[in-house]
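Throughout the sequence shown, residue numbering follows UniProt numbering, covering 1 to 597 in sequence. The C-beta atom is built at its ideal place from N, Cα and C for all residues, glycine as well. To start, the structure under review is shown below, and the notes come after it.
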Amino acid sequence: MATTTRNATSDPDRVSFLEELYQGRFRWDLVRDFPVQEPADAAAGDKLTEELTALLHERIDPDDVDARAALPDGFLDELGRRGYFALQADPALGGHALSHYNTFRMVSAAATHSTPVALSLAVENALGAGAFLAVAPEGPLRELLSDVVRRGARSASADSEPQGAANQRRFTTATRIEGTDDYLLNGSKVFVGHAPVAEVVSVSATVHEDGVDRVRMFFVGTDSPGVTSGDWHTYMGIRGFPNGWLEFKDVRVRGGHMLVERDLGHVVRTTPATARLVGRGRMHLIAAPSLAVARLCVGWMRDFAARRVIDERPLAEYDEVRRRLAESLADTFAIETMAQWCLLPEDQGRGLNLRFEQNAVKNASSLLAWDVAERAMSLLAGEGYETAPSKRLRGAPPVPVERFLRDLRNLRISGGVDFQIDNWIGQRAILSYYYPEPDHAAALEDADEVPLDTAGTVLTGRNLGHLRWAAEQTRAFGHTCLDLVRSHPDRAELDAEERTLIQLAGVTREILGVTLVLARASTLSAAGDDSAQALADVFCTAARQRVTDLLGRLQSPPGPDIEAVASAWMSGTAYAFLTADGAPRSSHGGSIEKSMS
């Protein structure tokens, strides 16, 4: 029997670099041999991404999709017929048996042309019937999912609820029908990708059994009596991606269509299988389009800087422009590097637990891509803020920075709002290793230099310095956590200090990024390509500055009375001058829109 773990993400049989980092241990030996995609696997990915890219250029006008908020009629059907909704499924079921990284490449290739298409591919392959088929046992559920995959039909996964996706509890319920194995499903779900077009949907619901409430996953036909598929949600971006709400009223579900899993003894808001799929799925849903947008932006920045002259001086010769170009390239390199680390070792059977990294890279990729897009918007100035159709009308290059910036903002929200993801990582992962105090506490307080074996490492002097910093900072991080928990013997008090937890997660995310880009740069140099050394140096320098800022805030003396300000505002009795002169007010002092009251 497996050893009880500190948290739901840990695996006693598989080590994780980031899990070790959380405990103040720097395991360069785990990442030094950075994975490289095998040539045969890369070739398989090349072939399919080329086919997909050709299809998109033939069938999709991304500006038209954005304007009409709809994909062309029959396009999703064609994706299904081509097996693109079952990229990793067995070819006998119409799938392509792709690796995790090639699936990522497919989504990223689609995102380069159209974010809505990319998200349709991602939601099906990450959380659709094909994804759950990999964890479904033999029986009625597996038969159902196999049929959906075989026919290229569409599916969806419904978890978020109107009460808020962050709730541990699922308000949707499934009640056993006495004398049968079936259940009655009742509740509502929102923000469901493919809800308006899905044939089958997985629904998370609370089941009361053996005196305990547990979250189970049920698979329901959207044409079942009692299922209502509501209107599409309309978003700031990703216009054309089918996404909407679902309501379930006394929907009868076969007991055999429930995914039954072993209880791991940890309180989680989703089932264990779903949590694993969501972790890896964020790589496809978030990191893949983030990388695509970052790649587009650095290309647009180069093109603009090459053709623009300011005061008879090429734009690319200005110091700040060069800095922004270099930082954007380095950030793009980092996103790609972290994605490779999160997927390639699993493809290659390295036996690592990558779930901690996959959870952290959701934020790392979307935040870095956002920074790149922001720089592109600023550099292109009027040609960034202006829409592509408007540019086209006046003869300017119709670069769609504006559209992609709207699409990209979704990625910091989807799959968990960025600050809340960091809060959860701090609370549920990092602190779990310090309550109770760890056995290696004395090692974390050791003032001696951190041992670091650099044998086989090929890095420049500056990058070796960054590597030494990462090792020392990792132990310092463990010491910081130790000090925090000793000053907060009641864990509930530290759990409530959410800004502290968010900053802890931010520090570890930066150290992770530094370490991975150095590992990849070293591996590339060992193979004769030194081009990544400069990129790694640029990224590491900026990451170290961000860590200095985070630690400065983390270790600063008590700050202003935030609670007093927020509480006064929420009471509706303070700061009335801020809503004067026609400014919209909250419902405490008059509604923004009377019809919404």
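Can you tell me which of Ala369, Gly187, Pro438 and Gln420 puts its alpha carbon nearest to the alpha carbon of Phe404?
Ala369
Beta-carbon spacing of Thr115, Pro389 below 8 Å
no
Any idea if Ser556 is buried or exposed, counting beta-carbon neighbours within 10 angstroms, 16 or more meaning buried?
exposed
Val192 versus Gly83 - alpha carbon distance
22 Å
Out of Gly74, Ala136 and Ser229, state which residue places its alpha-carbon closest to the alpha-carbon of Val117.
Gly74
Write down every uninterrupted run of the alpha helix (DSSP H) in the stretch 431-508 whose length is 4 residues or greater and which is fully enclosed by it, in chain order.
441-444, 461-487 and 491-495
Could you give the residue range of the alpha helix (DSSP H) that holds His57?
Pro39 to Arg59
Is the beta carbon of Leu380 closer than 8 Å to that of Val401?
yes
Shortest alpha-carbon distance to Gly528 belongs to which of Thr9, Tyr435, Val458 and Leu119?
Val458
Local Cβ density within 10 Å of Tyr433, reported as buried at 16 or more and exposed below that
buried
Kindly indicate which three-state DSSP category Ser155 falls into: helix, strand or coil?
strand
So, do the stretch 497-507 and the stretch 422-441 have three or more beta carbon pairs nearer to each other than 8 Å?
yes
Is there a Cβ of chain B sitting closer than 8 Å to that of Ile60, yes or no?
The chain labelled as chain B is not found in the depicted structure, where only one protein chain is given.
Under a three-way DSSP split, which group does Pro116 fall into?
helix
Does the Cβ of Tyr101 have 16 or more other Cβ atoms within 10 Å, making it buried, or fewer, making it exposed?
buried
Which residues in the same chain have their Cβ closer than 8 Å to the Cβ of Gln533, if we skip the five residues on either side of it in sequence?
Leu459, Thr460, Asn463, Ala521 and Ser525
Given this structure, state the Cα-to-Cα distance separating Gly465 from Leu512, to the nearest angstrom.
16 Å
What first and last residue would you give for the alpha helix (DSSP H) that runs through Met301?
Ala288 to Arg307
Anyone know if the C-beta pair for Leu141 and Leu259 falls short of 8 Å?
yes
Flag this pair as yes or no: are the beta carbons of Leu93 and Val149 separated by less than 8 Å?
yes
Cβ distance (whole Å) where Phe104 is taken to contact Met283 below 8 Å:
6 Å
Near Tyr235, what residues of its chain come up, given a Cβ to Cβ distance below 7 Å and the 5 sequence neighbours on each side ignored?
Asn410
Counting pairs of Cβ atoms below 8 Å between the stretch 243-258 and the stretch 55-70, do you hit three or more?
no
Near Ile177, which residues of its chain fall below 8 Å by C-beta distance, leaving aside the five closest residues on each side in sequence?
Tyr183, Leu184 and Arg252
Does the stretch 221-232 come close enough to the stretch 166-177 that 3 or more CB-CB pairs lie under 8 Å?
no
Find the nearest neighbour of Trp28 within the set Val135, Gly255 and Ser16, judged by alpha-carbon distance.
Ser16
Arg546 and Asn7: beta carbons closer than 8 Å?
no
What is the DSSP secondary structure of Ser390, counted as helix, strand or coil?
helix
contact_flag[the stretch 38-48, the stretch 476-492] where n(CB pairs < 8 Å) is 3 or more:
no
In three-state DSSP terms, what is Ser188?
strand
Under 6 Å Cβ to Cβ from Glu124, same chain only, skipping five residues before and after it: list those, please.
Phe85
Beta strand (DSSP E) containing Met217: first to last residue?
Val212 to Gly221
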